[in-house]
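These notes are about the structure you will find just below.
Residue numbers (the numbering used here): 1 to 223.
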């Protein structure tokens with residue numbers, strides 16, 4: 001099952017609480033993100049990063065943004081493949097070629113945003129706050145924020161203003177991803193997913209560093 005439909009079935013099915021054998025056998029540690037909520041947040045956040053990067057790859061003339069956006073799509077597809085392998089879903093198509101056209105952005109994410117509802121957004125906010133992700137300027141905490149940014153980017157013309165907004169949005173998305181995967185890597189109940197979350201952190205941190213450098217070069221925040 002492709003991750004874009006996996007999110008909907010995972011949240012609606014009664015059996016979603018038993019995502020893996022280990023999740024059934026072990027209670028959720030106090031303060032940890034439950035596995036279904038982690039998967040929902042990771043899927044939604046990954047789609048946001050992937051599809052904004054697809055849009056940027058199709059539009060930008062900035063070589064650094066072009067290179068970064070292609071790498072970002074590859075990162076998110078590879079991460080989704082690893083998660084699908086653990087949860088039993090068939091891996092989506094490999095990211096061997098360049099990202100697809102930016103026109104896919106709106107349609108691919110609309111349903112996952114709607115399905116997850118307020119509980120996932122609220123949990124993401126709690127995770128971000130607990131791990132020190134800045135609120136109102138750092139990691140995003142709601143589906144509405146993601147949807148608004150997606151719509152803005154999709155509707156913008158290419159140019160320096162677009163590039164700056166993409167870099168800022170991707171930086172916020174990576175800060176949120178760091179909080180989500182970092183929290184599950186520390187205390188998630190499923191060992192296989194915990195390893196995946198832990199393995200995602202170095203590349204997330206690298207991309208935060210790269211995005212921060214691009215943001216500074218574009219005249220953005222210096223902190």
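Note that beta-carbon positions come from the ideal geometry of N, C-alpha and C, so glycine has one too.
*residue 69 beta carbon less than 8 Å from that of residue 80*: no
_Buried or exposed, going by whether 16 or more other CB atoms sit within 10 Å of the CB of residue 183?_
That one is buried.
*Helix, strand or coil for residue 45, going by three-state DSSP, please let me know.*
helix
*Member of 217, 191 and 211 whose CA lies at the smallest distance from the CA of residue 72*: 211
*Is the region 184-195 close to the region 34-43, with three or more CB pairs under 8 Å?*
yes
*Indicate the three-state DSSP secondary structure (helix, strand or coil) for residue 214 in the structure shown.*
helix
*Would you call the region 152-168 and the region 37-50 in contact, with 3 or more CB pairs under 8 Å?*
Of all C-beta pairs linking the region 152-168 to the region 37-50, fewer than three are shorter than 8 Å, placing the two stretches out of contact.
_Candidates 219, 162 and 175, of which the one nearest residue 58 by Cα_ = 162
*Reducing DSSP to helix, strand and coil, say where residue 172 ends up.*
helix
_Any heavy atom of the ligand COA inside 7 Å of the beta-carbon of residue 59?_
Looking for the ligand COA in the displayed structure turns up nothing, as the structure carries no ligands at all.
*Please list, in chain order, all residues of the same chain as residue 166 whose beta carbon is under 7 Å from its beta carbon, the five residues on each side excluded.*
52, 56, 65 and 153
*Please report the residue range of the alpha helix (DSSP H) in which residue 75 lies.*
63-87
*Give the DSSP-derived three-state secondary structure of residue 155 in the structure shown.*
helix
_Local conformation of residue 142 per DSSP, three classes_ = coil
*asked:* Comparing C-alpha positions only, which one of 206, 192, 193 and 194 sits nearest to residue 170?
replied: 206
*State the DSSP-derived secondary structure class of residue 187, mapped to helix, strand or coil.*
helix
*Quick one, are the C-beta atoms of residue 85 and residue 180 less than 8 Å apart?*
no
*Counting only the same chain and skipping the five closest in sequence on each side, list residues whose C-beta sits under 8 Å from that of residue 63.*
none
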